[in-house]
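Heads up, the sequence shown is in the working numbering, so the first residue is 24 and it goes up one at a time.
Everything below concerns the one structure shown next.
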Amino acid sequence: MKAPATAGSSTEAVAVTSGEAAARKQIRGSSLLLVGRFVSLGINFAIQVLVVRYLSKADYGAFAYAVSLVSLGGSIATFGLDRSITRFVPIYDEQGNYNKLFGTVVLAIGTVASIGLVSVAVVYGLQGVLSGSLIDDERAISVLLILVVLIPIQSLDGLFMGMFAVFSKPRAIFFRKYVLTPGLRFTVVLLLVLGNQSVLFLAGGYVAAAAVGVGIYAVMLYGMLKGEGLLQHFEFSKLDIPVREVFGFTVPLLTSDLVYMVMNTSDVVLLGHYRGAEEVGELRVILPVAHLNQLVMTSFTLLFTPLAARLFARDDKEGINRLYWTTAIWIAVLTFPAFALTFSLAEPVTVTLFGSRYSESATYLTLLALGYYFNAALGFNGLTLKVFGRLRYIVSINIFAALVNLGLNFLLIPRYGALGAAIGTCMALLLHNVLKQAGLLLGTGVTLFRSRDLAVYAAIVLAAGLLFVVQLAFSPPVYVSFVAAAVASLLVVGFGRNSLRAAETFPELMRFRLMRMIVGAS
C-alpha cells in the first residue's frame, strides 16, 4: 500500500505541493501533446490533399463514407472504457490494489475487443443487406469490408493511450499518436500515388498501419508496466474484475456522448428537412473553424483525469482545486487567439477562408465560437465531476441539455434556418457548462473562481469585446484586424502572468529574453 499523501507534513503544505506539482506535470505534458496535435494536423492535411487529388470523386466518396461508418463503430466499441481506465487505474494504483488495477485493464481490453470483433462479424454477415439498403455502391461496400477491421484495432489503441496517460507518459503518446500514426499513413498514401494503386490499396494500407501502431503500443505498454514495477504484482488467479464499479461508472456517462451527438446532428437533420442542403452547407462550412476553440482543451484532456483521480484517491481536494484552475487558465489563455479570430473577427476570417458567398456564415461562426470557447475557458468541470463520481447529476444535466438543444432547434430552425441552429447550439453549450460549473461548486469543493484569476478572465472579456466592437464599427482591413488580435493575445498573456506562472512550469524557456518579457520571470 502506498503511503498516504499527508505523511510527514501538514495537510495544507502537502495539498499545496501535490496540487502545484500535478498542475505543472499536467501543463508540461499537455503542452507537448498540443505541439504534437499541430504536427499531426499538418501531416493529416497533406494526406488529405494527396488523397483527394489522386482519387476520383467516386473513389474518394467511397473511402470517406467507409471511414465515417468505421469511426462511428469505433466510438461504440470503445464504450467509454478509455475514460474508465483513466479514472479507476490511478485510484487503484494509489491504493495499492493491484488485483483490481489489472482486473480493470483486463475487463476493458476484453470488452472492447469483443465488441469490435462482433462489429466486424456483423458487417461481413450483412454485406448483402448493406449493399442493397444502406448504400447502392459496391465500391463503398468493398472499402468498408476492409476498413471495418479498424474498429477493434482503433478501440484498443484508445485504451493503450489511456494507460500511458495514467502513468503520465506524454512523450510516448506524442510519438505514437502524433508522429508514428500520421507518418505510417503518409507512407501508405505515398505508396498509393507512386505505385498508381486503387482505393482498396489505400484501405488495406490504413488497416496495416493501424495494426503496426497498436503492436508497437503493446510492446511499449509492456515495457512501461515493467519499468513501473507493476508486473511483479500481476497474478492471473487473483484478478479482481470490478465489473459493477466500472460499468456503473461508464454506462451513465454515455449520456455525455449523447449530448454532443444531438448538438452535432439534430441541427443538420432539421436544417435539411426545413431549409434544404444549401443552408446545411452554410452552417457546416464554419464548424471546423469554430472547433479550433476546442483544440487546446482536447489536447489537455488526456492527462487531466489520471492526475485528478490520484489526488481524489488521496482525498486532496485543495490539490484538485489547484490542478483544476491552473489548467483552466492555461486553456483559456492559449485558446484566446483562436477565440479572437473566430468570435471578434468572424466576418473577415469567414470571407477570407470561404469567399464572400459565405459571408452570412460569419454570424453563425460568432455564435458557435462563443459557445465552444465558454466551454473550454472554464476548464474540465465535467471531467472533475466524473472523478468525484457525481454520476446522477451528470446524467441529469446531460439529458436536460440534449432536450433543450432539441427543443430550441425545433423552435428556431423552421423560422430562422441556419441562424436558429447556431443560436440553439450556442445556448445549449452555455447552459450545459453553467450547470456543470454549478455541480462542481456544490458537489466537489472546487471554488467558483480563484481571486487571482479574475483579472485574466476580465482581460479576456475586455479584449474580445473591444476587438468585436472595432470590427463592427470600422471594418478595418484584414491585416490590421489580425495584428490587433495578436496584440490583444499578448496583452491577455501579460494579465495572466501571475496565474500561469509559466517561468516555474517551463524554466528552460526563461533563457530567452523575449519569453521573459512576455511571461515574466519567477
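Glycine included, C-beta positions come from ideal geometry on N, C-alpha and C.
As the structure is a computational prediction, the values presented were derived from the model and not from experiment.
query, result
"Taking DSSP as the reference, what is the three-state secondary structure of T134?", "helix"
"Identify, in the order they occur along the chain, each residue of the same chain with its Cβ nearer than 6 Å to the Cβ of F187, setting aside the five sequence neighbours on each side.", "A195, I196"
"What do you reckon, are the CB atoms on N120 and K261 nearer than 8 Å?", "no"
"Please work out which residues of its chain come closer than 6 Å, Cβ to Cβ, to T389, disregarding the five sequence neighbours upstream and downstream, and give them in chain order.", "F366, A369"
"Could you compute how far the alpha carbon of E531 sits from the alpha carbon of A163?", "Caution applies to E531, whose pLDDT of 48 falls short of 50 and renders its modelled position unreliable; the model cannot decide the point."
"In three-state DSSP terms, what is P500?", "coil"
"Once DSSP output is grouped into helix, strand and coil, what is the label at D180?", "helix"
"According to DSSP, is Q71 part of a helix, a strand, or is it coil?", "helix"
"Indicate the three-state DSSP secondary structure (helix, strand or coil) for V264 in the structure shown.", "First, the amino acid is wrong: residue 264 is Ile here, not Val. Looking at I264 - three-state DSSP - the assignment turns out to be coil, as it is neither helix nor strand."
"One question on the structure: do H455 and I420 come within less than 8 Å of each other, judged by their Cβ atoms?", "yes"
"Can you name, in chain order, every residue of its own chain whose Cβ lies under 7 Å from the Cβ of T34, other than the five neighbours on each side?", "Unreliable placement is indicated for T34, whose pLDDT of 41 sits below 50; the coordinate value is still reported in the next sentence. Excluding residues within five positions, none has a Cβ falling inside 7 Å."
"S221 by DSSP, collapsed to three states: which one?", "coil"
"Excluding sequence positions up to five away, which residues of its chain have a Cβ less than 7 Å from the Cβ of Q317?", "Y395, A399"
"Write down the C-beta distance between R333 and P113 rounded to the nearest angstrom, noting that I regard them as a contact closer than 8 Å.", "5 Å"
"Shortest alpha-carbon distance to T109 belongs to which of T386, T407, G148, D290?", "T407"
"Do you know whose CA, among N428, V202, G218, V457, lies nearest I446's CA?", "N428"
"Cutting at 7 Å between CB atoms, please list the residues of its own chain near E383, excluding the five before and the five after it.", "E305"
"How about the stretch 123-134 and the stretch 63-83: do they share at least three Cβ pairs that are nearer than 8 Å?", "no"
"Out of curiosity, what's the CA-to-CA distance linking A451 and A424?", "6 Å"
"Tell me, to the nearest whole angstrom, how far the beta carbon of V166 is from that of F86; I am working on the premise that it is less than 8 Å.", "6 Å"
"At the level of alpha carbons, what is the spacing between V303 and I436?", "11 Å"
"Is the Cβ-Cβ distance between N344 and G466 less than 8 Å?", "no"
"Starting from the C-beta of G97, find all residues in its chain whose C-beta is less than 6 Å away, skip the five residues before and the five after it, and write them out in chain order.", "I174, Q177, S178"
"I need the boundaries of the alpha helix (DSSP H) containing H455, first residue and last residue.", "441-466"
"Would you report the Cα separation of V189 and V515, rounded to the nearest angstrom?", "32 Å"
"Give me, in chain order, the residues of the same chain whose beta-carbon lies closer than 7 Å to that of R208; leave out the 5 immediate sequence neighbours on both sides.", "I70, Y229, A232"
"Pairs of beta-carbons, one from the stretch 369-378 and one from the stretch 320-333, closer than 8 Å: are there three or more?", "no"
"Could you give the distance in angstroms between the alpha-carbon of V172 and the alpha-carbon of V510?", "49 Å"
"Which whole-angstrom value is the C-beta distance of F323 and T350, which I expect to be below 8 Å?", "6 Å"
"Run the CB neighbour count on K459, radius 10 Å, all protein chains shown included, and call it buried at 16 or more, exposed below.", "buried"
"Around the C-beta of S545, are 16 or more other C-beta atoms found within 10 angstroms, so that it is buried, or is it exposed?", "Interpretation of S545 is limited by its pLDDT of 46, a score under 50 that renders its predicted location unreliable; the figure taken from the coordinates is listed afterwards. With fewer than 16 other Cβ atoms within 10 Å, it is exposed."
"So what's V510 in DSSP terms, helix, strand or just coil?", "helix"
"For the stretch 371-455, list the alpha helix (DSSP H) runs that are entirely contained and at least 4 residues long, ordered along the chain.", "384-400, 404-410, 414-439"
"What's the C-alpha gap between I309 and F491?", "18 Å"
"For P193, count the other beta carbons within 10 Å of its own beta carbon; 16 or more makes it buried, fewer makes it exposed. Which is it?", "buried"
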